[in-house]
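Heads up: the sequence lines are chains A and B, in that order.
Letter by letter, the first sequence follows residues 1 to 399 in my numbering.
Letter by letter, the second sequence follows residues 1001 to 1133 in my numbering.
Backbone N, C-alpha and C define an ideal beta-carbon position, used for all residues, glycine too.
Beneath this line is the structure, given in structure tokens, with notes to follow.
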Amino acid sequence: MTTTDGLEDLLRELAPQVLGVVIRRYGDFDRAEDAVQEALIAATTHWRRNGIPENPRGWLLQTAGRKLTDIHRSEQARRRRESSATLDDVPEVSDTEDSLKLLFLCCHPALTPASAVALTLRAVGGLTTAEIARAFLVPEATMAQRISRAKQTLAGETFGMPSDDDRAQRLLAVLKVLYLMFNEGYASTAGADLVRVDLATEAIRLTRMLATAVPGDGEVTGVLALMLLTDARRPARTGPMGELVPLIEQDRSLWNRDQIAEGVVLVTRAMAHGVVGEYELQASIAAVHDTASSWEETDWRQILSLYELLAKVVDSPVVTLNRAVAAAMVHGPAAGLELLEPLDEQLKASYRLDAVRGHLYEMLGDGDRAADHFRRAARRTTSLPEQRYLAGKAASRRR
Amino acid sequence: MTKFLLLTRHDSELGVPPMDQWDPADTNAHLAYLTRLNDELAANGELVEMNALVAPELARTVTADGLSMPVITDGPFPETKEVLAGYQLLDVESEERALEIAALVSAAPGPDGVPMRQRIEVRQVMWTRSEHV
């Protein structure tokens, strides 16, 4: 028995490994997941009281097996044969392989992205339903339903590696879910607190796990780098009153240097592989920002050319918005404003276009127009911290 | 996921009388329709909560300046053509999904099974007190 320091971390690390074994033994994802969840909860109580057992993985497997027996027994002991077997006779498969199969299953394209995020947090991340509900600011019952519906949707899906033809697509789906999880935590669109710490950290942890399972994949490395490089700015992103602090005004001495260093190494390694994807490009842009000593000292030429490359991979209005800011920094605000012109139709309902126009007119020294755009943006954003920031900008530009 | 509040307004100009004047069979059909819809949304994990409100005759209105005694007036408000009948708080994938659900609420059957076409206002939640849940 050892002390319970790091108990949570250990449990969360073991969760997907144990679940992988239980699914391989019983082939029933839904009930296996419930049993492992119960075993994790039991472990939290027991281990805290009695210390961590010598073989925590074995303890969890045994407990999960017993919980599964209980679940089956309460379902009229339908599967007597399996329940009486032990989990020791399951063939060994590497833990990373199990975790990867679990990620593929939980990020299955049949699920809506939000359901996939919730299920991944529980089955792979080892979080409880209550914790996930708290992170999403919904009641536990609502989240429980969402997870149970997601598991029903997956009934009949196999726990295994996708075929080689599917693999690339399925891996992209996993990355999309993990990045969504990160963003949900990093910049909640409807929350009071701009940053929900646990979800962003959890997304980074799971992406790290994925990167270990598929080493050498440029986009996986790219997503991990992007998350680290974005998350590194978190301490500077909100002010004392919970207000949003944009990149231009952030106190860069607060940035997390270790995360930046790791992110830069990762993105450099990813870019060396040749074929460059969306996440790698975004991570490269974040790396340029993170290694600049100030907004003005930023290598805007490089950022502009990276956005031009990105526009060739994903030509979205949001990319054009960012490109316009970079163009304004390199060639002056008029160049940026010109790039924004075609966006009026596409971004009619979005506050972002007005927010960027506000900044560019501010650069141009046209305070009245800047104030107009900031005010319109403030009225249309759906985020309270953003609204406070934009209204403040409008007020400071008013004469 | 994004939270949306669906506000169901009873509009007297729709020509539908208040529910206390309906044939009981119509009331049952109306409530069965909404119960089924809400059960389905709850099972999806999309319905956070739903509440129906008492009639406006039972409402009381409060105004205060923080110094003198608050002014409290009773309902009813005969001049009001529209009253808030109830609300649903959703947590859904997209605005499109919220609008789709609103359309289902609006089409709930009224007297003689005719869809009521009640006006449903869809408002995105901007701020949630995090200790609330």
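_Contained beta strand (DSSP E) runs [length at least 3] in the region 84-154 of chain A, N- to C-terminal order_ = none
*With a cut-off of 8 angstroms, does the C-beta of Thr1128/B fall near any C-beta of chain A?*
yes
_Local Cβ density within 10 Å of Gly20/A, reported as buried at 16 or more and exposed below that_ = buried
*Which residues in chain B sit within 7 angstroms of Ala114/A, going by Cβ to Cβ distance?*
Within chain B, the residues near Ala114/A are Met1001, Glu1093.
*Rounded to whole angstroms, how far is the Cβ of Val264/A from the Cβ of Thr221/A, which I believe are closer than 8 angstroms?*
That belief does not hold up - the Cβ atoms of Val264/A and Thr221/A are roughly 12 angstroms apart, past 8 angstroms.
*Unbroken beta strand (DSSP E) run spanning Met1050/B, endpoints*: Here the beta strand (DSSP E) through Met1050/B covers 1047-1052.
*Any idea what DSSP makes of Phe182/A, helix, strand or coil?*
For Phe182/A, the secondary structure class from DSSP, reduced to helix, strand or coil, is helix.
*For Thr142/A and chain B, any beta-carbon pair shorter than 8 angstroms?*
yes
_Tell me which residues of the region 1041-1054 of chain B have at least one Cβ-Cβ distance to chain A shorter than 9 angstroms, keeping chain order._
Listed by position along the chain: Ala1042, Ala1043, Asn1044, Gly1045, Glu1046, Leu1047, Val1048, Glu1049.
*asked:* Comparing C-alpha positions only, which one of Asn1028/B, Asn1038/B, Gly1015/B, Leu1031/B sits nearest to Leu1089/B?
replied: Asn1038/B
*In angstroms, rounded to a whole number, what distance separates the CA positions of Glu280/A and Ala327/A?*
21 angstroms
*Starting from the beta carbon of Phe136/A, find every residue of chain B whose beta carbon is closer than 8 angstroms, and list them in chain order.*
Met1001, Asp1091
*asked:* Quick test of the definition: if touching needs 3 or more C-beta pairs under 8 angstroms, does the region 1067-1074 of chain B touch the region 377-390 of chain A?
replied: No, the region 1067-1074 of chain B is not in contact with the region 377-390 of chain A.
*Among Ile1120/B, Val1125/B, Arg1129/B, Met1126/B, which one has its Cα closest to the Cα of His1010/B?*
Ile1120/B
*Check whether the region 253-272 of chain A touches the region 302-320 of chain A, counting contact only when three or more Cβ pairs, one atom from each stretch, lie closer than 8 angstroms.*
No, because fewer than three Cβ pairs between the region 253-272 of chain A and the region 302-320 of chain A fall closer than 8 angstroms, the two stretches do not touch.
*On the three-state DSSP scale, how would you describe Val1122/B?*
strand
_Host alpha helix (DSSP H) of Arg1097/B (start-end)_ = 1095-1106
*Residue burial classification, Arg48/A (beta-carbon count within 10 angstroms, cutoff 16)*: Arg48/A is classed as exposed because its beta carbon has fewer than 16 other beta carbons within 10 Å across all chains shown.
*asked:* I need the straight-line Cα distance from Val93/A to Leu61/A, nearest angstrom please.
replied: 15 angstroms
*Measure the beta-carbon distance from Thr63/A to Ala39/A and round it to whole angstroms, keeping in mind my assumption that it falls under 8 angstroms.*
4 angstroms
_Secondary structure of Arg25/A, DSSP reduced to three states_ = Here Arg25/A sits in helix by DSSP.
*Around the C-beta of Met161/A, are 16 or more other C-beta atoms found within 10 angstroms, so that it is buried, or is it exposed?*
Residue environment analysis places Met161/A among the exposed positions, since fewer than 16 neighbouring C-beta atoms fall within 10 angstroms of its C-beta.
*Quick one: grab the DSSP three-state call for Gly1086/B.*
strand
*Backbone CA spacing between Asp1026/B and Leu1099/B [nearest angstrom]*: 25 angstroms
_Between the CA atoms of Glu1095/B and Thr238/A - distance to the nearest angstrom_ = 27 angstroms
*Tell me, please, whether the CB atom of Gln169/A is closer than 8 angstroms to any CB atom in chain B?*
no
*asked:* Determine, for Arg146/A, whether the minimum Cβ-Cβ distance to residues of chain B falls below 8 angstroms.
replied: yes
*Following the continuous beta strand (DSSP E) through Thr1002/B, name the residue where it begins and the one where it ends.*
1002-1011
*Are there 16 or more other CB atoms within 10 angstroms of the CB of Lys1081/B, so buried, or fewer, so exposed?*
exposed
_Under 9 angstroms, CB to CB, which of the residues in the region 147-161 of chain A have a partner in chain D?_
Judged by its chain identifiers, the structure shown contains no chain D, and its protein chains are A and B.
*Taking a cut of 9 angstroms between CB atoms, which residues from the region 302-318 of chain A lie near chain B?*
none
_I want to see whether chain B comes within less than 8 angstroms of Pro139/A, judged by CB atoms only; does it?_
yes
*Pull up the distance between the alpha-carbon of Gly27/A and that of Thr128/A, whole angstroms please.*
Taking the straight line from one Cα to the other gives about 22 angstroms.
*Please list, in chain order, all residues of the same chain as Lys1003/B whose beta carbon is under 6 angstroms from its beta carbon, the five residues on each side excluded.*
Asp1091, Val1125
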